[in-house]
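Below: the structure, in structure tokens.
Shown next as structure tokens:
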């Protein structure tokens, strides 16, 4: 399991704990033992998620890039450059979506589908209504996170990252 998949699973686990906690708190006579247990589980899940995210970011930042210095007649220099790979971009994007778990879940599903997918397949995997998915896609497009194409009256969604935007439409469709 990749680091990002683990982060996604930890996020979903945290969400399930929160939902259970909120359901218990909404009861007329909540069970305080259950609430305390769920808070403890929630804190553990958040710590695990933080640790995994920090580990993943550190691992991605370790990568180095070799460049050629034109002034020194083709000598290669090892330079630490901030070239944002798809994985780095994806982690940064997830971190920028504070409090929007449905958007994060949408992006995790899209990544699991290879970064290119039919909107209807994402809707099916998330189990959300079409209007909700349309609103999520619109918001993600406005933020510049995803792009979409309408092909044969079907909406194809893909990440707005050079590893996807530099492809032709036929190359994107091969990813489906």
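Numbering (my numbering), first residue to last: 27 to 202.
A virtual CB, placed ideally from N, CA and C, is assigned to each residue, including glycine.
Bear in mind that the values here come from a model prediction, so they are computed numbers and not experimental data.
Pull up the distance between the alpha-carbon of residue 200 and that of residue 134, whole angstroms please.
-> As a position in the chain shown, residue 200 is number 174, starting the count at 1. As a position in the chain shown, residue 134 is number 108, starting the count at 1. Each residue's Cα considered, the two are about 20 Å apart.
What's the gap between the Cα of residue 155 and the Cα of residue 149?
-> On the chain shown, position 129 is the one that residue 155 refers to. On the chain shown, position 123 is the one that residue 149 refers to. In a straight line, the C-alpha of residue 155 is about 7 Å away from that of residue 149.
What does DSSP give as the partner residues of residue 130 in its beta bridges?
-> As a first step, residue 130 must be located in the chain shown, where it is residue number 104. Beta-bridge partners of residue 130 (DSSP): none assigned.
Nearest-angstrom Cα separation, counted from residue 139 out to residue 197 | Position 171 of the chain shown holds residue 197. Position 113 of the chain shown holds residue 139. Going from the Cα of residue 197 to the Cα of residue 139 covers about 15 Å.
Between residue 71 and residue 43, is the Cβ-Cβ spacing less than 7 Å?
-> As a working mapping, residue 71 is identified with position 45 in the chain shown. As a working mapping, residue 43 is identified with position 17 in the chain shown. Yes, the Cβ-Cβ distance between residue 71 and residue 43 is below 7 Å.
Under three-state DSSP, which class holds residue 178?
-> In the chain shown, the residue the question calls residue 178 occupies position 152. DSSP places residue 178 outside both helix and strand once states are collapsed to three, so it counts as coil.
Of all the alpha helix (DSSP H) runs that stay within the bounds of the stretch 138-185, which reach a length of 4 or more residues?
-> Counting only runs of 4 or more, we get 145-152, 156-168.
Go ahead and label residue 64 buried or exposed: buried means 16 or more other beta carbons lie within 10 angstroms of its beta carbon, across all protein chains shown.
-> Within the chain shown, the letter at position 38 stands for residue 64. Residue 64 should be labelled buried.
To the nearest angstrom, how far is it from the Cα of residue 175 to the Cα of residue 152?
-> In the chain shown, counting from the first residue as 1, residue 175 sits at position 149. In the chain shown, counting from the first residue as 1, residue 152 sits at position 126. A direct Cα-to-Cα measurement between residue 175 and residue 152 gives close to 20 Å.
Reducing DSSP to helix, strand and coil, say where residue 28 ends up.
-> To locate residue 28, count along the chain shown from 1; it is residue 2. In the structure shown, residue 28 sits in coil (DSSP, three-state: anything other than H, G, I, E or B).
Counting along the chain, where does the alpha helix (DSSP H) carrying residue 56 start and finish?
-> Here residue 56 is taken as the residue at index 30 of the chain shown, counted from 1. Counting along the chain, residue 56 falls outside any alpha helix (DSSP H), and DSSP gives it neither H nor E.
Would you say the stretch 76-87 touches the stretch 114-121, given that touching needs at least three Cβ pairs under 8 Å?
-> Contact between the stretch 76-87 and the stretch 114-121 is present, because at least three Cβ pairs lie under 8 Å.
Limits of the unbroken alpha helix (DSSP H) element including residue 111 | Residue mapping note: residue 111 aligns to position 85 of the chain shown, counting from 1. Going by DSSP, residue 111 is part of no alpha helix (DSSP H) at all; its letter is neither H nor E.
Skipping 5 residues on each side, what residues in its chain have a beta carbon closer than 6 Å to that of residue 170?
-> In the chain shown, the residue the question calls residue 170 occupies position 144. 186.
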